[in-house]
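J.: In our numbering, the protein residues as written are 197 to 712. My questions all concern the structure below.
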């Protein structure tokens with residue numbers, strides 16, 4: 197342990213510990229052998245449960261033993277049901293008074309429930325003992341959940357108190373936080389009450405990753421943003437930014453509050469939402485489609501081309517690569533220049549533009565959004581926070597979290613105006629935090645491509661040609677699905693050599709494949 201003086205052991209002491217370990221291993225193997233034999237013989241009895249307890253109390257992470265206990269519990273419950281049915285049949289045959297026959301099933305059912313409940317309590321007590329040995333045992337927490345699910349008389353308020361107890365031992369134990377989310381759902385605890393609980397925990401210790409994460413799950417539910425371009429309503433977002441800045445500046449080297457602030461500054465795009473159209477190109481011989489997020493099977497989404505009153509369903513989509521964002525359709529079309537085309541993907545509807553230079557075809561392009569719009573009040577708060585970060589950098593110029601957050605704030609305020617400054621911060625981070633140099637290079641590539649793609653519609657030759665300046669060097673090529681609508685990618689030889697197979701296939705490449 198940190199801060200403890202290492203005590204040198206003598207040869208005699210080492211030999212004694214070696215013998216103790218050998219005895220433990222021998223006892224463990226003997227117990228496991230006995231357990232396996234009883235299991236194979238179908239002897240799911242109390243002796244088997246006792247044998248498993250002896251091992252689990254010392255090592256709660258033996259998955260096999262928890263599985264065996266579940267088998268034993270289910271066997272006991274099955275016997276209780278059989279015993280109850282036999283008892284009811286016997287009393288039904290021997291009952292003389294009708295009133296006794298009427299009340300007897302209720303009594304028997306109550307007794308059976310009490311016996312079953314005692315079995316579940318025994319399992320809960322065992323898991324509690326095991327969690328005292330290892331509070332981060334996946335298996336013990338899982339067995340506790342399973343036991344409660346089986347018990348119709350589960351006491352969820354008691355489980356909530358148990359969570360409070362374990363969070364006093366270790367307020368950052370994410371196992372306990374996960375279990376708490378499960379329990380609060382079962383106990384129907386109001387989200388507002390849970391948010392207050394998170395606030396109290398954060399006040400006690402700002403460096404509580406799990407509590408910040410728990411908070412991030414509650415806020416979108418309590419303060420939803422209808423536009424979904426932010427994680428929550430702007431008023432609440434502003435309050436959260438003020439709170440988290442205080443936490444971050446209390447200890448600038450602690451990453452928990454900075455991570456939470458990054459989430460606040462990010463877009464509100466939900467992981468469970470349907471993908472949106474990023475780019476599309478249509479010609480008589482087929483079409484290509486790029487999505488803004490991966491999707492495993494485009495055939496599951498309704499893709500429809502509308503031409504006047506006519507509707508054509510696009511089918512037989514094939515992946516262009518393994519990313520799940522680029523798709524091609526080799527379906528033939530009777531393209532009409534004079535017609536107006538509309539593409540519908542799930543609930544999204546976009547209007548297609550005709551290809552330039554009088555070519556037969558239409559396209560759609562929507563560059564990735566680098567930042568969401570914000571109100572005057574929120575913008576003022578972001579600018580104030582940026583100034584606070586810049587002031588802190590004057591005293592601590594190598595503070596990596598402040599450097600990164602200030603770059604993110606710049607992009608949240610004005611992407612285009614602060615583009616070069618934000619890249620300069622990433623360049624400095626490559627020196628200050630060399631171990632994560634690759635991450636900063638990838639982030640710089642993403643921001644650079646966002647800027648280049650935003651300018652592409654105004655460039656000559658759009659959308660058939662995309663050119664990247666010679667002085668633009670990228671370590672990776674994000675957003676490469678956007679280039680499938682182009683005929684040619686003009687990249688420097690050095691960049692092509694570095695990217696290799698990452699250079700995406702263009703519309704012309706896909707057309708050649710079709711012609712062949």
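Even for Gly, the Cβ is constructed at its ideal location relative to N, Cα and C.
Which residue marks the beginning of the alpha helix (DSSP H) containing residue 440, and which one marks its end?
T.: Here residue 440 refers to the residue found at position 244 when the chain shown is read from its first residue. Secondary structure note for residue 440: its alpha helix (DSSP H) is the uninterrupted segment 430–446.
J.: Checking 8 Å against the spacing of the C-beta atoms, do residue 185 and residue 338 come in under that value?
T.: The requested residue 185 is not part of the displayed model; the chain covers only 197 to 712.
J.: Could you tell me the alpha carbon to alpha carbon distance between residue 321 and residue 315, rounded to whole angstroms?
T.: Here the question's residue 321 lines up with position 125 in the chain shown. Here the question's residue 315 lines up with position 119 in the chain shown. Each residue's alpha carbon lies about 10 Å from the other.
J.: If distances are taken between C-alpha atoms only, which option among 378, 367, 376 and 382 comes closest to residue 405?
T.: Against the chain shown, residue 405 aligns to sequence position 209. For the residues 378, 367, 376 and 382, the minimum Cα distance to residue 405 belongs to 367.
J.: Counting Cβ pairs, one atom from each stretch, are 3 or more of them under 8 Å apart for the segment 623–633 and the segment 480–498?
T.: no
J.: Under 8 Å: do the segment 615–629 and the segment 523–538 share three or more Cβ pairs, one atom per stretch?
T.: Cβ pair count under 8 Å is below three, so no.
J.: Can you name the start and end residues of the alpha helix (DSSP H) that residue 393 belongs to?
T.: Sequence index remark: in the chain shown, residue 393 carries index 197 (1-based). Under the DSSP assignment, residue 393 falls in the alpha helix (DSSP H) whose first and last residues are 387–400.
J.: So, under 8 Å CB-CB, residue 698 and residue 673 are touching, yes? Tell me the CB distance rounded to an integer number of Å.
T.: Working through the chain shown from its first residue, we reach residue 698 at position 502. Working through the chain shown from its first residue, we reach residue 673 at position 477. Confirmed, Cβ separation roughly 5 Å.
J.: Let me check one thing: in DSSP terms, what residues is residue 477 bridge-paired to?
T.: Numbered from its first residue, the chain shown carries residue 477 at position 281. Note: residue 477 sits in a beta bridge opposite 484 and 559.
J.: Would you kindly work out how many angstroms separate the C-alpha atoms of residue 695 and residue 671, rounded to a whole number?
T.: Taking the first residue of the chain shown as position 1, residue 695 is located at position 499. Taking the first residue of the chain shown as position 1, residue 671 is located at position 475. Approximately 7 Å between the Cα atoms of the pair.
J.: In angstroms, rounded to a whole number, what distance separates the CA positions of residue 398 and residue 358?
T.: Start at 1 with the first residue of the chain shown, and residue 398 comes out as number 202. Start at 1 with the first residue of the chain shown, and residue 358 comes out as number 162. Between residue 398 and residue 358, the C-alpha separation is close to 19 Å.
J.: Can you give me the C-alpha to C-alpha distance between residue 524 and residue 504, rounded to a whole angstrom?
T.: For this step, residue 524 is matched to residue 328 along the chain shown. For this step, residue 504 is matched to residue 308 along the chain shown. Approximately 24 Å between the Cα atoms of the pair.
J.: Which same chain residues, not among the five before or five after residue 473, have their C-beta less than 8 Å away from its C-beta?
T.: Taking the chain shown and counting its residues from 1, one reaches residue 473 at position 277. Closer than 8 Å at the Cβ level, and outside the excluded window around residue 473, lie 485, 486, 487, 488, 539, 541, 544, 546, 560 and 562.
J.: Look at the alpha carbon of residue 250 and the alpha carbon of residue 347, and state the distance between them as a whole number of angstroms.
T.: Here residue 250 refers to the residue found at position 54 when the chain shown is read from its first residue. Here residue 347 refers to the residue found at position 151 when the chain shown is read from its first residue. Spanning the two alpha carbons is a distance of roughly 24 Å.
J.: Is it the case that the segment 647–665 contacts the segment 686–694, given that we only count it when at least three CB pairs across the two stretches are under 8 Å?
T.: These segments touch.
J.: Determine contact between the segment 508–518 and the segment 492–499, defined as no fewer than three beta-carbon pairs at a distance below 8 Å.
T.: Verdict: yes, contact present.
J.: So, residue 414 versus residue 391, is the Cβ gap smaller than 8 Å?
T.: For the purposes of this step, residue 414 is identified with residue 218 of the chain shown, where counting begins at 1. For the purposes of this step, residue 391 is identified with residue 195 of the chain shown, where counting begins at 1. Contact flag set, yes.
J.: Which one of 241, 683 and 285 has the shortest CA to CA distance from residue 273?
T.: On the chain shown, position 77 is the one that residue 273 refers to. Of the candidates 241, 683 and 285, the one whose C-alpha sits nearest the C-alpha of residue 273 is 241.
J.: Roughly how many angstroms separate the alpha carbons of residue 454 and residue 594, rounded to a whole number?
T.: Indexing the chain shown from 1 puts residue 454 at position 258. Indexing the chain shown from 1 puts residue 594 at position 398. Going by the C-alpha atoms only, they are around 15 Å apart.
J.: Reducing DSSP to helix, strand and coil, say where residue 246 ends up.
T.: The residue you call residue 246 lines up with position 50 of the chain shown. Under the three-state reduction of DSSP output, residue 246 falls in the helix class.
J.: Please determine, among 601, 269 and 680, the residue with the shortest C-alpha to C-alpha distance to residue 451.
T.: One-based indexing of the chain shown puts residue 451 at position 255. When each option's Cα is compared against that of residue 451, the closest is 601.
J.: Measuring CA to CA, which of 479, 652, 651 and 269 is closest to residue 317?
T.: Counting from 1 along the chain shown, the entry for residue 317 is found at position 121. Among 479, 652, 651 and 269, the Cα nearest to that of residue 317 belongs to 269.
J.: For residue 213, count neighbouring Cβ atoms within 10 angstroms of its own Cβ and tell me buried if that reaches 16, exposed if not.
T.: Residue mapping note: residue 213 aligns to position 17 of the chain shown, counting from 1. Sixteen is the threshold: since fewer than 16 other Cβ atoms of the shown chains lie within 10 Å of the Cβ of residue 213, the residue is exposed.
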